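This report concerns only the one structure given below.
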Amino acid sequence: MGMILAMQAVRDRQFNNEVVQFAFAFNCEQCGHFCATERACAHEWPVALHLREHYAKPTPEVVFCKEFEAR
Ligand code: SF4
362 MGMILAMQAV RDRQFNNEVV QFAFAFNCEQ CGHFCATERA CAHEWPVALH
412 LREHYAKPTP EVVFCKEFEA R
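Residue 362 is where the sequence shown starts when you use our numbering, and the numbers rise one by one after that.
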């Protein structure tokens with residue numbers, strides 16, 4: 362069995378409201394390991410499911426990165 366490096370949660374209206382209400386940070390762009398010029402993770406994790414642009418779409422779930430570290 363491999364390591365679990367991400368956690369998933371349902372992305373419902375309450376989640377979306379709380380992101381705004383509490384300024385909840387979970388995207389790569391808000392993470393200290395993100396290289397903005399290369400749009401890549403310094404730890405070489407895949408970023409596609411953690412980027413802000415991914416959540417501009419109505420996705421049914423949120424995928425949290427377990428290495429996220431707020432800037
Ligand atoms: S550690 Fe996770 S959240 Fe941070 S940049 Fe890498 S993939 Fe994104």
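From the three backbone atoms N, C-alpha and C, an ideal C-beta is built for every residue, glycine too.
If you're wondering where the values come from, they're calculated on a predicted model, not measured in any experiment.
How big is the Cα-Cα spacing for residue i and residue j?
i: residue 323; j: residue 399; result: Coverage of the chain is limited to positions 362 through 432, which leaves residue 323 absent and any answer about it impossible.
i: residue 368; j: residue 426; result: 7 Å
i: residue 406; j: residue 415; result: 16 Å
i: residue 428; j: residue 410; result: 13 Å
i: residue 380; j: residue 390; result: 15 Å
Using only alpha-carbon positions, find the residue among the options that is nearest to residue i.
i: residue 430; options: 378, 386, 372 and 392; result: 392
i: residue 404; options: 421, 395 and 418; result: 395
Assuming residue i contacts residue j under a Cβ cut-off of 8 Å, what Cβ separation, rounded to an integer in Å, is found between them?
i: residue 372; j: residue 388; result: At roughly 13 Å, the Cβ-Cβ gap does not stay under 8 Å, so residue 372 and residue 388 are not in contact.
i: residue 376; j: residue 423; result: 7 Å
i: residue 397; j: residue 408; result: Not a contact, Cβ separation roughly 11 Å.
Original post:
Taking a cut-off of 6 Å, which residues have a beta-carbon closer than that to any heavy atom of the ligand SF4, in chain order?
Top reply: 389, 392, 394, 395, 402, 404, 406, 408, 411, 426, 428 and 429
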